[in-house]
Amino acid sequence: MAERSPATRRTLWLVLSLVFAFLYIPIAVLVALSFNQGGQPTVWSGFSLKWYASLAGNAAILSAALNTLIVALVSTAIATLLGTLLAIGVEMRRQYGRGLEALIFAPMIIPDIVLAIALLSFFSLLDFTLGLHTIILAHVVFNLAFVCSVVRARLKSFDWSIVEASADLGASALTTFRRVTLPVILPAVVAGALLAFTLSVDEFIIAFFTAGAGRASTTLPMQIYAMIRFGITPEINALATIVMAVSITALTLSQRLNRGVIGQ
Numbered sequence: 001m002a003e004r005s006p007a008t009r010r011t012l013w014l015v016l017s018l019v020f021a022f023l024y025i026p027i028a029v030l031v032a033l034s035f036n037q038g039g040q041p042t043v044w045s046g047f048s049l050k051w052y053a054s055l056a057g058n059a060a061i062l063s064a065a066l067n068t069l070i071v072a073l074v075s076t077a078i079a080t081l082l083g084t085l086l087a088i089g090v091e092m093r094r095q096y097g098r099g100l101e102a103l104i105f106a107p108m109i110i111p112d113i114v115l116a117i118a119l120l121s122f123f124s125l126l127d128f129t130l131g132l133h134t135i136i137l138a139h140v141v142f143n144l145a146f147v148c149s150v151v152r153a154r155l156k157s158f159d160w161s162i163v164e165a166s167a168d169l170g171a172s173a174l175t176t177f178r179r180v181t182l183p184v185i186l187p188a189v190v191a192g193a194l195l196a197f198t199l200s201v202d203e204f205i206i207a208f209f210t211a212g213a214g215r216a217s218t219t220l221p222m223q224i225y226a227m228i229r230f231g232i233t234p235e236i237n238a239l240a241t242i243v244m245a246v247s248i249t250a251l252t253l254s255q256r257l258n259r260g261v262i263g264q
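Printed below as a string of structure tokens:
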């Protein structure tokens, strides 16, 4: 491969720098203004943590945070269990072909607004009362595909002969899964769970369409949207910074685990 000239390298670095600046300068400004002492969200008037302290006394935000945590934890647990079993089943029954794979991963590529309308129509058809339970079910639908994808990446290099050996030695299917299969794929399962948790915490459109009325089923993204309709305040910046920090932490852990899984 021909070596790039110094001018080409400088141009590439300039373009890359502009792209990163476009992506991350607004985020950096948001984080910085969350520590702004004054009430104006765009005018710096000194460092302060008072907006973070005010979040602790805001009943609406605390309620939304609790709802978000419940939805994220429950939907992640269900999606991780079902996604892991689905990944194992698909890898063991590869003769089903690409049609089955397309059905499994469809929620990953369908636009959120389309999936949200479809789920709302489905719940309405079944006469479900909307609330936290419908948000959880909706999050399981799209999280399941992501968990399955991550676990399958590990199963691609899995040696199925050790499963057959375990069965030949008299172990039951459950014992084989618990003592042979699960320890090997556990990093991928954890990575998929962290990814599902991150997506559930950040998700807004599907939650907005499938939530019930009132504070009882309001999540943090929905609360931020409700607050921002009346103007951006440093309190919103502080809340967005916390949500972003949680999401980045979970996503970083998931990527580290997933990198190790793929490298094995």
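In full-length UniProt numbering, the protein residues as written are 1 to 264. Note that the Cβ used here is the ideal one computed from N, Cα and C, for glycine as well.
Straight-line gap, residue i to residue j (C-alpha atoms, nearest Å)
| i | j | result |
| --- | --- | --- |
| Ala-118 | Ala-153 | 29 Å |
| Asp-159 | Gln-255 | 23 Å |
| Leu-51 | Met-227 | As written in the sequence, residue 51 is Trp, which differs from the Leu given in the question. One C-alpha to the other measures close to 14 Å. |
| Leu-199 | Ala-87 | 19 Å |
| Leu-195 | Ala-250 | 7 Å |
| Asn-36 | Thr-233 | 10 Å |
| Ala-102 | Val-141 | 14 Å |
| Ala-64 | Val-163 | 45 Å |
| Pro-183 | Phe-230 | 50 Å |
| Asn-67 | Ser-166 | 43 Å |
| Leu-81 | Cys-148 | 10 Å |
| Leu-144 | Leu-186 | 16 Å |
| Thr-8 | Phe-22 | 21 Å |
| Glu-91 | Ile-109 | 21 Å |
| Leu-18 | Ile-25 | 10 Å |
Candidates the options, of which the one nearest residue i by Cα
| i | options | result |
| --- | --- | --- |
| Ile-236 | Gly-212, Tyr-225, Ala-245 | Tyr-225 |
| Ser-157 | Phe-209, Leu-130, Ala-165, Ala-188 | Ala-188 |
| Phe-209 | Ile-135, Val-43, Val-180, Arg-10 | Ile-135 |
| Pro-111 | Ile-205, Gly-212, Thr-233 | Ile-205 |
| Thr-76 | Leu-239, Phe-146, Thr-129 | Phe-146 |
| Ile-70 | Ala-238, Leu-174, Thr-218, Thr-181 | Thr-218 |
| Leu-137 | Phe-197, Val-74, Asn-67, Leu-66 | Val-74 |
| Val-190 | Leu-169, Ala-106, Thr-84, Ile-242 | Thr-84 |
| Thr-181 | Phe-47, Leu-253, Asp-168, Ser-161 | Ser-161 |
Where residue i falls: helix, strand or coil (DSSP)
| i | result |
| --- | --- |
| Phe-177 | helix |
| Phe-47 | strand |
| Asp-112 | helix |
| residue 269 | In the structure displayed, the chain extends from 1 to 264; residue 269 sits before or after that span and is not available. |
| Phe-128 | coil |
| Arg-229 | coil |
| Thr-218 | coil |
Near the ligand PLP: residue i beta-carbon under 7 Å from a heavy atom
| i | result |
| --- | --- |
| Ala-196 | Ligands in the displayed structure: none, and consequently the ligand PLP is not present. |
Residues that DSSP places opposite residue i in a beta bridge
| i | result |
| --- | --- |
| Asn-36 | Phe-47 |
Integer Cβ distance of residue i from residue j, believed to fall under 8 Å
| i | j | result |
| --- | --- | --- |
| Met-222 | Ala-211 | 7 Å |
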